[in-house]
Structure formats: structure tokens, C-alpha cells
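Engineer: My questions will all concern the structure given below.
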Amino acid sequence: MKILLAKPGLDGHDVGVKVLAHALIEAGWKVVYTGLRKSIEEIVEKAIKEKPNLIGLSILSGTHLILCERFRDVLLAKNVKIQWIIGGNIPEKDVIPLENLGATKAFPTGTKIQTVVDFVKGHV
Amino acid sequence: MFDVGCWMLDVGIWMLDVEYLIFKIEIMEELKKIFLESGFEVKPLYKSNDSEENNQGVRNEEPGKFPYTRGIHPLMYRKRPFTIRQYAGFASPEETNARFQFLIKNGQTGLNVAFDLPTQCGLDSDDPRSLGEVGRVGMAVDTLEDFEIAFNGIDLDKITVSLTINGSAIVLMAMYFALAKKRGYDLKNLRGTAQNDILKEFIGRGTWIFPVDKSVKLVTDTIEFCATHVPKYSPVSVCGYHIRESGANPVQEMAYAFSIAKAYSDETLKRGITIDEFASRLSFNFDIYGNFFEQIAKFRGGRRLWARIMREEYKALKDESCWMRMIAGGGGAGLTKEQPENNIVRTAYYALISALSGTQTMALCTYDEAYTIPTEKAAEIALRTMQIMIHEMGICDTVDPLGGSYYVETLTNQFEQEIKKEMQKVALWGGIINAVSTGKIQEAVSQQAYQREKGIQEGKTLKVGVNCFQNDEENKTVEFHPYNQSAANRQIFKLKEIRKRREITLVNITLNKLKQSAKQNINVMPDVIDAVNAYASVGEIIHVLKEVYGEFDEPIFF
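As they're listed, the protein sequences go chains V and G.
My numbering runs 391 ahead of the 1-based position in the first sequence.
My numbering runs 14 ahead of the 1-based position in the second sequence.
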């Protein structure tokens, strides 16, 4: 199983996404990480190339709604049908709007790494 | 007399009892071993022979005298308390100016400016990549006009300003100097600080722009420029802080920061400037969270080691060149979203640690900073936390009150030795510039972040409210800082207006000249100042430099 972990936008906080990468590798996943400051287009291109089972977005600066709307549009435009999840500094009130934008699951601030790993294992 | 003697006898017996008990427990192996995050084992009792072991005269050390273990000044806070400098800035320069005025009115003595991500990454507010980010995590700055607004009504002689900027620091520093000059201040007397530590951005925080060598070149340009033209300004604040936030332990935090400071020093020396012309203007930014005594010893041992490096390795003659001046506080990674009010208590301890460690400047994270831009209330509580300590607790009455503690002195000695060893490791990796370019440090730090997180999730490292003493307020709504879309729109409108208003030929001339200087590999600071004065924008100036220097290609390590 393969996951593409991505950092869209300008946010440089990568401790969380890297901690998750370690946990998923330990859980038997192959992890591809984009590195910082990727445009939505670059992330979708990478997904087309890598064909992961799942995409994980990490956003901590607060731009998650704006970036995820764009992500949904580019996925649609490129006809990419890969499930995606999002985590980072996400207020509880934005969880439903993010899932309405197409996220299989949005993980709010304070989510335990194990919760994400368990969800990933169970849903793909 | 009789009473005192009796009391002494009692103490004697009591001490014998304790030692016997410890001995008994150790024999029975009932006492669990305790290790600090940095790896040292903590003994249940420290005695005089512990702290004197391997030390080179702890008992004779004095504050204000080399190697400054007990503080860089003889009287420390008795003469003047540490500067309080809370991190602030959001939305547009107008909103930020209002928050600055609020903080100053409430007794803050310095400003610590936060910039939004487009500014930090060298993009203009109207760049498509800035969408949704304008003024979000800090103040948006496009041109010199924004600085004129943000610092309006603030006396730059009385309030020292610290600019938290790295990748695009050369532009923002140029703006600050241009503003000061315009308002009639003499650059020779201008004080202030820029964070301007690009090497740590590659390890944590991530607002790098140019390749590593070119980034270091720009930092060196600013140090060289300041040494000649703005001698009282601190052009670099080397940040162990973000390295620790990214997962480094306290020994690594100090070792990597010192290695970075040495790298900037080496590059500056190559420009023909002597160590005493700039070393006293280098400062440090360190993190506080975790074990109380470990952090204090980290600073005391670090201060002694840095003094020795400067004097023995760099042959610095001036005492100030050997000072490890610092801002210490924080500590974001120690705070939790769970039971956020607990963070008020945590930061009060962090403030105490900082004061007991002899800091020059203090900044505390606010209790809500683990998940949002601070509310005004939270910012006020953080400010009051430090003021209560200064004015009610007697913390400033005497210098280095923990000096002479067997435990603290022992740990201080251990820290000096261990930081030195860790720095030797960096040297074996080919030096910090190489270790950062190849991702070696990033990998080491990220693996530790994972181990730390795992420790918390498995309950091996206890965090109150997170993995013990939880309560059922999990889904309690917390207040979030709203995004100010109208301020963002206003910022973009203002930028478009200024593009129409400014003299475009002058902008082009200055930008072309900057490009030529960058190509010739000479100091670009004077040309950046000229461009800024012509109201060239942050994005335009950084774009020109990108054309010459290229961009950083991040090695993927985790």
C-alpha cells in the first residue's frame, strides 16, 4: 500500500507530516513525500505519476479550506479518482466542510497519530 | 545554643537516614532510573564532589566575567530586568500597528514582528501563490510604505524592534534601515535585531528560498553591511529554538545553533572583517520546554562553551564577542490543545526557567498559540505572567540564584561537554552547511520527533491533559483567530496603487543594478536598500535574486 503525503501552499511546518510518515512506514506502508511548498497542480501531477492508494495533505497555516477547494477542482479536471485525507491545524468546525469538499476524512488539531494510522489501515 | 546544636544533630541524623535509604533502595533496585531528554542519568542526590568533578573552577566563576556561566553582566537583572518582547503581527500593517500600540501601552519594552508567509517566502500579496495567506500568520509587507504604516508613532530609539524574517530578511532589513533613515535616526546608533538565520530554516520552519550556499552568502552580506554601517544592530539571531521544536534534544539544540553561528562567523571572516567587529552583534534564540533543571543547565553550560569557543578558537579579544546573548522562552512544542488553560501554568514555568538561566530577552507563547494566532486576552496574560515574576516574585533581586547548586552545576558541566561532542559530530558530517544541504540533520531531527511523539502516545512521556489526567472537554469549542479577508483585499489594492504611483524607471534602474551586483558576487545590501527606497516590492527584489541564485531543491528526508 502506498500513500502520497503532501504539503500544499506556503506553510513550512513539517514535523507532523514527517512523524506520520514514520508511523505509516512502521505500519507497513510505502510513503512518498512531496517536500514543502508544492502547488496543488504539482501534487496532482505527482499523484498521477506515483498512483498511490491514498493522498494525505498537511496544512497548518489555516488555508485548508481554500487549498482543498482548489485540490478538489484540479483532481476533477484531471479526472484523478484517488481518496484523500487532510490533517494539520484544523478547527473542529471545518471538519464537515472539508469532508464536503471531498476529503475522505479530515483530522482536526490534536488528533493522535495512531488514530490516523488506524483509519488509513481500515479505509483503503 | 543548645537548640541550634540539637537542630544540627537532627539534620545530621536526617541526612544519614536519607543516604541510608537511598543506598537501601538502590540495593533493592526499587528506584527506577531517570534519564533526561539529552540522555544523562539523574542521580537521586547530588553532593559537592559531583559538581566539582572535572570542573575547571565553578566555585570561582563570577557573573560578568569570562566564561560567563553565571551570566554575561555582573549585576544582571538587579540593574535592569530582561526585555519583554512578545511575538505579534497579523493582517495588514494598520492592524499590526494597533496591536503594537496595545503591547507598548501595557508595558512591553520591545517588539517582535511576525510576517505573513508570502512575505517570508519573498512573494507579493497579489502573487497567485499567496492566495489565502495574505496577512494570515503575520503582517503582510509588500513595499516600504507598509513599514511606514506599521511603525508609525513608535519611537525606534526607545522601542527596539526584532524582525522575525529569514529567507527574505535582506529585503526587510533594508526596509527597516531605509525607514529609520527617512525618519531621521542615525544608523550608527540604531538598535534592533533580525532573525535572519537561514540555516535553521532548512532544518525546521521551512521558509528557505535560495540554495544553501547563496542563502548563507546573503546572511554574510547583512553581517558585513551592519558591521560597517549599523554597528549596534544585531543582524542575526541564531535559532536553536526551531531546531528543538522540530525534534532536536536540548544538547543538539545548542550544538547545532553554535555550529550555525560558527558557519556565519567563518564566512564573515573571509570578507576581511575581524571577529571583534561583528561577534558581539550575533545573538541567539532558544527554546524552553521539558525538564526544568535540564533547560537551565543547557543555558549555563552553553554560555560557558560559547565564550570558550569565541576566545580560544576565534581569538576574540573583546569580552562582548564572547557573550552568548539570547532570547529564551517559548516553548510551542510543550503546549497542548487539550485543556489549553494548562498552558498558562506551563508558560509561567518556562518564564521562570528563562529568568533563572540569565536570559537577555523573554518571549512566551500564549496559551492559545498551540492552535491559533493569539487573542488579545491571551497576549495580555502572557505579558502579565512575566510582569508578575519580575515585580512580585523577587526574581530579579540577585544574580544566578541557582549558581552553586550541586545538581545544577553538575548538569552545567555535563552540558558543556556534551554540546562539544555533538558539535564534533557535525564537523564529521562535513560541517553544518554540508549537513543541512544533504539533509543529514533534518533526518536526525525528524527521527527524534517521531520517537518523542511515540513516547507521548504510548504514555512513556507524560503530558497532563493529553495522556494522563484527561477530562471530557475534548470537543469544547475554542476561539480561533479569524482570517481578515478585507484586510487582505486592502493590502492587494494598496500594492496595485503604489505600483501606479511610484516612479517605474527608478524601480527598473535599481533592480537592474541589484541584478548586476548579484552576478558579480559582491555585497548586494546597498542595492537592495536603493530598490526598497524606490518602492520596489519584496516579490520583485526576491525575483531578481532568484534569477541569479536559483532556488533551493529540498532533499526529501524524514
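From the three backbone atoms N, C-alpha and C, an ideal C-beta is built for every residue, glycine too.
These figures come from a predicted structure and were not determined experimentally.
1) Is it the case that the segment 501-513 of chain G contacts the segment 154-171 of chain G, given that we only count it when at least three CB pairs across the two stretches are under 8 Å?
2) Using a Cβ-Cβ cut-off of 8 Å, state whether residue 501 (chain V) counts as contacting chain G.
3) Anything in chain V within Cβ reach of residue 460 (chain G), meaning under 7 Å, just list it in chain order.
4) Return yes when the Cβ of residue 460 (chain G) is within less than 8 Å of the Cβ of residue 409 (chain V), no when it is not.
5) Would DSSP call residue 376 (chain G) helix, strand or coil?
6) Let me check understanding here. Comparing Cα to Cα, which of G:190, G:196, G:180, G:256 lies closest to residue 231 (chain G)?
7) Spell out whether any CB of chain G is found under 8 Å from the CB atom of residue 486 (chain V).
8) Interface residues of chain V around residue 453 (chain G) at Cβ under 7 Å?
9) Under the rule that 16 or more other beta-carbon atoms within 10 Å means buried, what is residue 306 (chain G), buried or exposed?
10) Shortest alpha-carbon distance to residue 461 (chain V) belongs to which of V:403, V:494, V:511, V:413?
11) So with CB distances below 9 Å, who are the chain G contacts of residue 443 (chain V)?
12) Go to residue 393 (chain V), then tell me how far its beta strand (DSSP E) extends in each direction, as first and last residue.
13) Could you round the C-beta distance between residue 414 (chain V) and residue 504 (chain V) to whole angstroms and report it? I think they count as a contact, below 8 Å.
14) If residue 396 (chain V) sits next to residue 422 (chain V), beta carbons under 8 Å apart, how far is it from one beta carbon to the other, in whole angstroms?
15) Taking Cβ positions only, does residue 431 (chain V) come closer than 8 Å to chain G?
16) In the DSSP assignment, what residue or residues form a beta bridge with residue 49 (chain G)?
17) Are there three or more Cβ pairs, one per stretch, closer than 8 Å when the segment 213-224 of chain G is compared with the segment 251-261 of chain G?
18) Using C-beta distances below 7 Å, list every residue in its chain close to residue 331 (chain G), excluding the 5 sequence neighbours before and after it, in chain order.
19) Report yes if the C-beta distance between residue 587 (chain G) and residue 204 (chain G) is below 8 Å; otherwise report no.
20) Just tell me which of G:335, G:446, G:219, G:166 has its CA closest to the CA of residue 194 (chain G).
21) Helix, strand or coil for residue 263 (chain G) per DSSP?
22) In this structure, does DSSP put residue 456 (chain G) in helix, strand or coil?
23) By Cβ distance below 6 Å, which residues in the same chain neighbour residue 186 (chain G) in space, the five residues on each side in sequence not counted?
24) Show which residues of chain V have a CB atom less than 7 Å away from the CB atom of residue 497 (chain G).
25) Got a sec, what are the start and stop residues for the beta strand (DSSP E) residue 343 (chain G) sits in?
26) Please name the residue or residues paired with residue 175 (chain G) in a DSSP beta bridge.
27) Does the Cβ of residue 122 (chain G) have 16 or more other Cβ atoms within 10 Å, making it buried, or fewer, making it exposed?
28) Would you check if the distance between the CB atom of residue 498 (chain G) and the CB atom of residue 105 (chain G) is smaller than 8 Å?
29) When DSSP builds the beta bridges, which residues end up paired with residue 475 (chain V)?
30) Answer with yes or no whether the minimum CB distance from residue 253 (chain G) to chain V is below 8 Å.
31) Would you kindly work out how many angstroms separate the C-alpha atoms of residue 319 (chain G) and residue 430 (chain G), rounded to a whole number?
32) Among residues of its own chain, excluding the 5 on either side of residue 516 (chain G), which ones have a beta-carbon nearer than 6 Å to its beta-carbon?
33) Residue 504 (chain V) touches chain G at which residues, Cβ-Cβ below 7 Å?
34) Sorted by chain position, which residues of the same chain lie with C-beta nearer than 6 Å to residue 78 (chain G)'s C-beta, five sequence neighbours on each side aside?
35) Would a check of beta-carbon distances place residue 399 (chain V) closer than 8 Å to chain G?
36) In angstroms, rounded to a whole number, what distance separates the CA positions of residue 71 (chain G) and residue 418 (chain G)?
Structural biologist: Working from what's here:
1) Touching, yes.
2) Here residue 501 (chain V) refers to the residue found at position 110 of the first sequence. Closer than 8 Å to some Cβ of chain G, the Cβ of residue 501 (chain V) qualifies, so yes.
3) Looking up residue 460 (chain G) in the second sequence gives position 446. Within chain V, the residues near residue 460 (chain G) are 409.
4) On the first sequence, position 18 is the one that residue 409 (chain V) refers to. On the second sequence, position 446 is the one that residue 460 (chain G) refers to. Yes, the Cβ-Cβ distance between residue 409 (chain V) and residue 460 (chain G) is below 8 Å.
5) Stepping through the second sequence from its first residue, residue 376 (chain G) is reached at position 362. Three-state result, residue 376 (chain G): strand.
6) The sequence position of residue 231 (chain G) within the second sequence is 217, counting from 1. Nearest of G:190, G:196, G:180, G:256 to residue 231 (chain G), Cα basis: G:180.
7) If you number the first sequence from 1, residue 486 (chain V) lands on position 95. Closer than 8 Å: no.
8) On the second sequence, position 439 is the one that residue 453 (chain G) refers to. None at all; the shortest Cβ gap to chain V is about 10 Å.
9) Residue 306 (chain G) sits at position 292 when you count from the first residue of the second sequence. With fewer than 16 other Cβ atoms within 10 Å, it is exposed.
10) Taking the first residue of the first sequence as 1, we reach residue 461 (chain V) at position 70. Ranking the options by Cα distance to residue 461 (chain V), first place goes to V:494.
11) Counting from one through the first sequence, the residue named residue 443 (chain V) turns up at place 52. Result: empty, since nearest Cβ-Cβ is about 15 Å, beyond 9 Å.
12) Taking the first sequence and counting its residues from 1, one reaches residue 393 (chain V) at position 2. That run of the beta strand (DSSP E) goes 393-397.
13) For the purposes of this step, residue 414 (chain V) is taken as residue 23 along the first sequence, with counting starting at 1. For the purposes of this step, residue 504 (chain V) is taken as residue 113 along the first sequence, with counting starting at 1. Residue 414 (chain V) to residue 504 (chain V), Cβ: 5 Å. Contact.
14) As a first step, residue 396 (chain V) is located in the first sequence; it is residue number 5 there, counting from the start. As a first step, residue 422 (chain V) is located in the first sequence; it is residue number 31 there, counting from the start. Going by Cβ atoms, the distance from residue 396 (chain V) to residue 422 (chain V) rounds to 6 Å, so yes, they are a contact pair.
15) Your numbering for residue 431 (chain V) matches position 40 in the first sequence. It does not; no Cβ of chain G falls within 8 Å.
16) Your numbering for residue 49 (chain G) matches position 35 in the second sequence. Bridge partners of residue 49 (chain G): G:55.
17) yes
18) Here residue 331 (chain G) refers to the residue found at position 317 when the second sequence is read from its first residue. Closer than 7 Å at the Cβ level, and outside the excluded window around residue 331 (chain G), lie 290.
19) This structure does not reach residue 587 (chain G), given that chain G is present from 15 up to 572, and the question cannot be answered.
20) Counting from 1 along the second sequence, the entry for residue 194 (chain G) is found at position 180. Answer by Cα proximity: G:166.
21) Within the second sequence, numbered from 1, the residue matching residue 263 (chain G) stands at position 249. The answer is coil: DSSP assigns residue 263 (chain G) none of H, G, I, E or B.
22) As a first step, residue 456 (chain G) must be located in the second sequence, where it is residue number 442. Of the three classes helix, strand and coil, the one that applies to residue 456 (chain G) here is helix, per DSSP.
23) Within the second sequence, numbered from 1, the residue matching residue 186 (chain G) stands at position 172. Answer for residue 186 (chain G): 177, 179, listed in chain order.
24) Numbered from its first residue, the second sequence carries residue 497 (chain G) at position 483. The answer, in chain order, is 453.
25) Within the second sequence, numbered from 1, the residue matching residue 343 (chain G) stands at position 329. Where residue 343 (chain G) is concerned, the enclosing beta strand (DSSP E) stretches over 340-343.
26) For this step, residue 175 (chain G) is matched to residue 161 along the second sequence. Note: residue 175 (chain G) sits in a beta bridge opposite G:125.
27) Reading the second sequence from its first residue, position 108 is the one you call residue 122 (chain G). Burial call: buried.
28) Along the second sequence, one-based indexing puts residue 498 (chain G) at 484. Along the second sequence, one-based indexing puts residue 105 (chain G) at 91. Yes, the pair counts as a contact, with Cβ atoms nearer than the cut-off.
29) Reading the first sequence from its first residue, position 84 is the one you call residue 475 (chain V). Paired residues: V:446.
30) Your numbering for residue 253 (chain G) matches position 239 in the second sequence. Judged by the 8 Å Cβ criterion, residue 253 (chain G) is not in contact with chain V.
31) Working through the second sequence from its first residue, we reach residue 319 (chain G) at position 305. Working through the second sequence from its first residue, we reach residue 430 (chain G) at position 416. The alpha-carbon atoms of residue 319 (chain G) and residue 430 (chain G) are separated by roughly 6 Å.
32) In the second sequence, residue 516 (chain G) corresponds to position 502, counting from 1. Cβ within range, chain order: 549.
33) As a working note, residue 504 (chain V) is residue 113 in the first sequence. In chain order: 467, 471.
34) What you label residue 78 (chain G) is simply residue 64 of the second sequence in a count that begins at 1. So the qualifying residues of the chain are 87, 88.
35) Position 8 of the first sequence holds residue 399 (chain V). Residue 399 (chain V) does not count as touching chain G.
36) As a first step, residue 71 (chain G) must be located in the second sequence, where it is residue number 57. As a first step, residue 418 (chain G) must be located in the second sequence, where it is residue number 404. Its pLDDT being 45, under 50, residue 71 (chain G) is placed unreliably by the model, and the measurement read from it follows with that caveat. Going from the Cα of residue 71 (chain G) to the Cα of residue 418 (chain G) covers about 11 Å.
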